[in-house]
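Here the sequence shown stands for residues 3 to 172, where the numbers follow this note's numbering.
Beta carbons: idealized from backbone N, C-alpha and C, even for Gly.
Keep in mind it's a predicted model, so treat the numbers as computed, not measured.
What follows is one structure encoded as C-alpha cells, with my remarks underneath.
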Amino acid sequence: MTTNGLVKFIAVGIVLLLVISVGGYFLYRPSTTTQPNQADINAIYQVVGEFGARLKDVGLSDPKQEDIITAVDFNLKRLITNRLYQEFVQDTSRIPGRAASSPWPEGIEIVSVQRLDNGSYTVVGNRIMMDSNELAHGGNAGETNITLTLKKVNGTWLIDDVVGETQPKA
Numbered sequence: 003m004t005t006n007g008l009v010k011f012i013a014v015g016i017v018l019l020l021v022i023s024v025g026g027y028f029l030y031r032p033s034t035t036t037q038p039n040q041a042d043i044n045a046i047y048q049v050v051g052e053f054g055a056r057l058k059d060v061g062l063s064d065p066k067q068e069d070i071i072t073a074v075d076f077n078l079k080r081l082i083t084n085r086l087y088q089e090f091v092q093d094t095s096r097i098p099g100r101a102a103s104s105p106w107p108e109g110i111e112i113v114s115v116q117r118l119d120n121g122s123y124t125v126v127g128n129r130i131m132m133d134s135n136e137l138a139h140g141g142n143a144g145e146t147n148i149t150l151t152l153k154k155v156n157g158t159w160l161i162d163d164v165v166g167e168t169q170p171k172a
C-alpha cells in the first residue's frame, strides 16, 4: 500500500468513526423533556371536568352584564387564571357558558392532553350539549369543539385560555 493510499484509508476511518460517534450521541443522549406527571394529568382532568360541569350555570343570555360576571365569579373563577378572568370580564362572548335555555353545556369530553414546552398543557375536547329530551332518553343534543390551555399557578392547575365553537354539531 502506498503512502497516499494509507493516508486516504486513515482519513476515511476517522470520518467514519466521527459519523458513528455523532450518530450514537444523538441516538442515546438522555431526553431533555420530562414525561408528564400522572398527578398533574389527574389534576388537569379534575379541573377540566369541573369547569365543563359548571358551564351550564353561567347563563350568557342574561341582559345584565354584571349578572353574567357574577355567575363567572361563583362558578368558574377558582378554575381559571386571573388573565382569563379579565378576558371574560372584558368580552363575555368568550365565555363558553349556557347561551340559551336549551341546549345547555353538560360537560367536556377530553379527547387529548398534550404537554407544551413551557410546562403548560393543551386539552382538546368536546363540549357535550344536552336538552331535556336527550336527558330523559339518553344521548346528547350535539357537541362543540373546545381547546383549553392550562398552566400551573402557585401549585394549582388553572385554565388560562379557552378556544371553541359556540354552536353545537348535531
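Quick one: what's Asn-6 bridged to in DSSP?
Per DSSP, none; premise fails for Asn-6.
If we ignore side chains and look at the alpha-carbon of each, how far apart do Tyr-30 and Asp-42 end up?
28 angstroms
Near Ala-55, what residues of its chain come up, given a Cβ to Cβ distance below 7 angstroms and the 5 sequence neighbours on each side ignored?
Gly-109
Give me the DSSP bridge partner(s) of Tyr-123.
Arg-117, Leu-152
Residues near Glu-111 by beta carbon distance below 7 angstroms, same chain, minus five either side
Gly-127, Asn-128, Ile-130
Inter-residue spacing [alpha-carbon to alpha-carbon] between Thr-4 and Tyr-27:
35 angstroms
Element boundaries [beta strand (DSSP E), containing Thr-158]
158 to 166
The alpha helix (DSSP H) enclosing Ser-134, as first and last residue numbers
134 to 139
Taking only the alpha-carbon atoms, compute the straight-line gap between Pro-107 and Leu-81 and give it to the nearest angstrom.
17 angstroms
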